[in-house]
Amino acid sequence: MSFTKTDLLGLKDLSKEEILFIIETAEKLKEINGRDVKKVPTLKGKTVVNLFFEPSTRTRTSFEIAGKRLSADTINFSASSSSTSKGETLIDTVKNIEAMHSDIFVVRHAFSGSVKFIAENTKANVVNAGDGTNEHPTQALLDLMTIKEHKGGFEGLNVAIMGDIEHSRVARSNLWGMSKLGINVRLFGPKTMLPEHFKHFNCKICSSMEEAVENADVIMMLRIQRERQSNLLLPSLREYSKFFGLNKRALSLAKKDAIIMHPGPINRGVELPSILADSKQSVILEQVENGVAIRMAVLYLLSLNKKEG
Amino acid sequence: MLLLKNCTVINFDKIEENVNILINNDKIEDITKEEIESATVIDCSGKYVVPGLIDMHVHFRDPGFEYKEDIESGSKAAVAGGVTTCLPMANTKPVNDNSSITRYMVEKAKEIGLIDLFPIAAVTKGMKGEELTEMGDILEAGAIAFSDDGLPVMNSEVMRRALEYASQFGSFIISHAEDKNLTGDGVINEGKISTITGLKGIPAESEEVMIARDILLAKLTKAHVHIAHVSTKGSVELIRWAKKMGINVTAEATPHHFTLTDEELLNYDTNYKMNPPLRTEEDKNAIIEGLKDGTIDIIATDHAPHHRVEKFVEFDNAAFGITGLQTLIPLTLNLVKSGQFDMKKFVYLTSYKPAEILNLKDRGYIAKGKKADITVIDDKIEYIFDEKVNKSKSDNTPFFKKKLIGAAIYTIKDGKIVYDFHQQ
Ligand SMILES: [Zn+2]
């Protein structure tokens, strides 16, 4: 197949075939990362700008490495997402950087839908590196790639996603992607972070961790972002780890070969005890490794498609 | 002397066909089937002739935010929408919380001379929700009612005293029903669409808990409370209950809430961002039911102009609100055309009942001796709502550049033609 999208905004907009194609492309590119000289000239002469309106060292670094491995010139630009009422607007900023002949924008922003807003108003290709609580498509793609490596495919797998579902763009992207690939998704978390509305996604809302984990092939723990939440959502981290953190007893209900995933960075002892985070079942570092390959694939595929006008 | 010939006159209680309306100065001198000679004649064959529309919920941004709208552009948008009487809200800068600002607004509108403008003044000083304004003094200056619209009066004690105090002067309180804590930093209706888009939700209960409170306070004080921009099914049910209990409550709904749903927000288009937010199909239908059975008394636009740069930003940063004066007629006519109600009910909702609520006895009805505020509507005219048609300084509405059907083709205010659709 050929990939015709000019932007990657979310898994919501991708077909099953497009998702699989990106993963397959990443599988081919992954080999480069194991070479002694980790560089190919694919994007030579192209400028990739990491436009981060919200800090994230991990994602930014992963995109930066991905760009460099493909020989693109990668530039980092940080700004704050706060109100645009004073002075320059978001699109002013984007137009300015575009004027310096940037080819691809990798955008992280604190507000849902703002990366789409940018994509609609620039000639550059745009990759969503996380927008508000909406989507984080490359994270979901690397999760799916990691699942495929361990499970061989997707159809009929049981995946438990647990934690702060409501505020997680990782969860939303995975929900879109997994339902398209025939995965059975179960959700569990504190009720303050998992409202009833999630029934509108094709998934099961569980009332206990046991229910979510039973017979699972994959357990995906989400990061608790204390800094983003009021105390009303969560009385304390201690309470959270006791009732909503993964433990050995719950894990024993999953399939024997179940893998444990986490988008990182882990709050050790909160979402996962170290004994599980560092166990053989944990694939957290593989996720990080696959992240570079997925981002290489995305940058490469988008660079093939120019926007009209 | 102005003569409207071959009119189909629609009042809330009856329709008269093929009559002539003779206007002398600012009054209706006669309504007759006889042939009359007059200097100025408008042939109204095939059109609806209705009382000038009354919009008791608009934002004219004057003083303070004249770059969005001022009393002049607001007046022009009003008459282009067939509206001859407007009640602008108090969230200007400075806030309309004293008689000098009220007087300024009334006088400026008089100078422009297109509409009657009766301000809604603030309930509390600075709209801070703490101390009552000088309601008696403000009423003398030309205000009709009180509201901190845009902001709810969060303190129940303050709301109770406001109801008591305003009622003593024969006035009432308009409730912007919203529990700000429950709204949080929500930007659209909480539900399926907010879950899908990742946009923060505002639950229906944010509106409903405050409506419940305010109707109970109206029960306690026996004062009149008017609920602004009802948007949810639960709100309609609460108001229906209150009316059954004999509580002195009236309510309004906006055309956007009975026309659109939150499904429109899947695209993150900021022109659909408003407060209260667009709700679900079920809520929309409940509002139409409420209008039909009298639970919701009137239609008001909540005309809320914003400059383009305030909408051309990230969704979370975009201003809430859409303009409404010039889409009032076409959107309400859609309910007539779909058989939800007839033209008599249209008139009831847009002029007769607002006049009654506001105690404006000289308008809202076409009859001998009444004020000559008349709107002539062509329900079949098709046009694009573009820069030429739009008279507001702002164009923040999802209907801009779209095809609309139905418009005011003549608006007559105090016996003068203040708007002619074909002469713009
Ligand atoms: Zn309001």
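For the protein sequence lines, the chains are P and F, in the order given. Counting the first sequence from 1 gives a position; my numbering is that position plus 1141. Take the second sequence: its letter number 267 is residue 263 in my numbering, and every next letter is one higher. Note that CB positions come from ideal geometry on N, CA and C, so glycine has one too. Values in this document were obtained by computation on a predicted structure and should not be read as measured data.
Item, Value
"Contact test: aspartate 133 of chain F Cβ vs ligand 1 heavy atom, cutoff 7 Å", "no"
"Cross-chain neighbours of tyrosine 361 of chain F in chain P, by beta carbon under 7 Å", "Near tyrosine 361 of chain F there are no residues of chain P at all, since even the closest Cβ is about 45 Å away, more than 7 Å."
"Cβ-based contacts, 9 Å cut-off: residues of the region 291 to 310 of chain F near chain P", "Val305, Glu306, Phe308, Val309 and Glu310"
"Any non-hydrogen atom of ligand 1 within 7 Å of aspartate 416 of chain F CB", "no"
"Per-residue contacts from isoleucine 1232 of chain P into chain F (C-beta, under 9 Å)", "Phe308 and Val309"
"Residues sharing a beta bridge with glycine 197 of chain F, DSSP", "F:Ile184"
"CB contact below 8 Å: glutamate 1276 of chain P versus chain F", "yes"
"Glycine 1410 of chain P beta carbon less than 8 Å from that of isoleucine 1425 of chain P", "no"
"Chain F contact residues for phenylalanine 1252 of chain P, given Cβ-Cβ distances below 8 Å", "Glu310, Phe311, Asp312 and Asn313"
"Simplified DSSP state of arginine 157 of chain F, which is helix, strand or coil", "helix"
"contact_flag[the region 1270 to 1289 of chain P, the region 1332 to 1346 of chain P] where n(CB pairs < 8 Å) is 3 or more", "no"
"Local Cβ density within 10 Å of aspartate 338 of chain F, reported as buried at 16 or more and exposed below that", "exposed"
"Below-8 Å beta-carbon distance, threonine 191 of chain F vs any chain P residue", "yes"
"Bounding residues of the beta strand (DSSP E) (the contiguous stretch that carries serine 171 of chain F)", "169 to 171"
"Contacting positions in the region 183 to 211 of chain F - beta carbon closer than 8 Å to chain P", "Glu186, Gly187, Lys188, Ser190, Thr191, Ile192, Thr193, Gly194, Leu195, Lys196 and Gly197"
"Chain P contact for tyrosine 264 of chain F (CB, 8 Å cutoff)", "yes"
"Cβ-heavy atom distance, histidine 1242 of chain P to ligand 1, below 7 Å", "no"
"Continuous alpha helix (DSSP H) stretch holding glycine 1318 of chain P: start and end", "1310 to 1321"
"Closer than 8 Å to chain F by CB, serine 1224 of chain P", "Residue placement at serine 1224 of chain P is flagged as unreliable, the pLDDT there being 47, under the threshold of 50; a coordinate-derived value is accordingly withheld."
"Test item: CB-CB of glycine 1254 of chain P and arginine 1310 of chain P under 8 Å", "no"
"Per-residue contacts from arginine 1201 of chain P into chain F (C-beta, under 8 Å)", "Simply none; closest approach about 20 Å."
"Of the residues F:Tyr44, F:Ile189 and F:Val245, the one placed nearest asparagine 7 of chain F, counting alpha carbons only", "F:Tyr44"
"Among F:Lys349, F:Cys40, F:Phe308 and F:Gly317, nearest to threonine 1230 of chain P - alpha-carbon criterion", "F:Phe308"
"Environment of threonine 465 of chain F [buried if 16+ CB atoms lie within 10 Å]", "Within the shown structure, residues of chain F are numbered from -3 to 420, placing residue 465 of chain F beyond reach of any answer."
"C-beta atoms of glycine 320 of chain F and proline 251 of chain F nearer than 8 Å", "yes"
"Beta-carbon spacing of isoleucine 1407 of chain P, glutamine 1422 of chain P below 8 Å", "no"
"Simplified DSSP assignment, three categories, for glutamate 1296 of chain P", "coil"
"Between the CA atoms of aspartate 410 of chain F and valine 46 of chain F - distance to the nearest angstrom", "14 Å"
"Proximity to glutamate 25 of chain F [Cα-Cα], best of F:Asp374, F:Gly365, F:Gln419 and F:Tyr406", "F:Gly365"
"Cβ-Cβ distance between arginine 57 of chain F and threonine 81 of chain F below 8 Å", "no"
"Outcome for glutamine 164 of chain F when other beta-carbon atoms lying within 10 angstroms are tallied against a minimum of 16", "exposed"
"Beta-carbon neighbours of phenylalanine 1339 of chain P, restricted to chain F and to distances below 7 Å", "Thr191"
"Proximity of leucine 83 of chain F and isoleucine 134 of chain F at Cβ, strictly below 8 Å", "no"
"Three or more C-beta pairs below 8 Å linking the region 278 to 288 of chain F and the region 213 to 223 of chain F", "no"
"Where the region 1297 to 1310 of chain P meets chain F: residues whose CB sits under 7 Å from a CB there", "Arg1310"
"Glycine 146 of chain F CB to nearest heavy atom of ligand 2 below 7 Å", "In the structure shown, ligand 2 is absent; the only ligands present are ligand 1."
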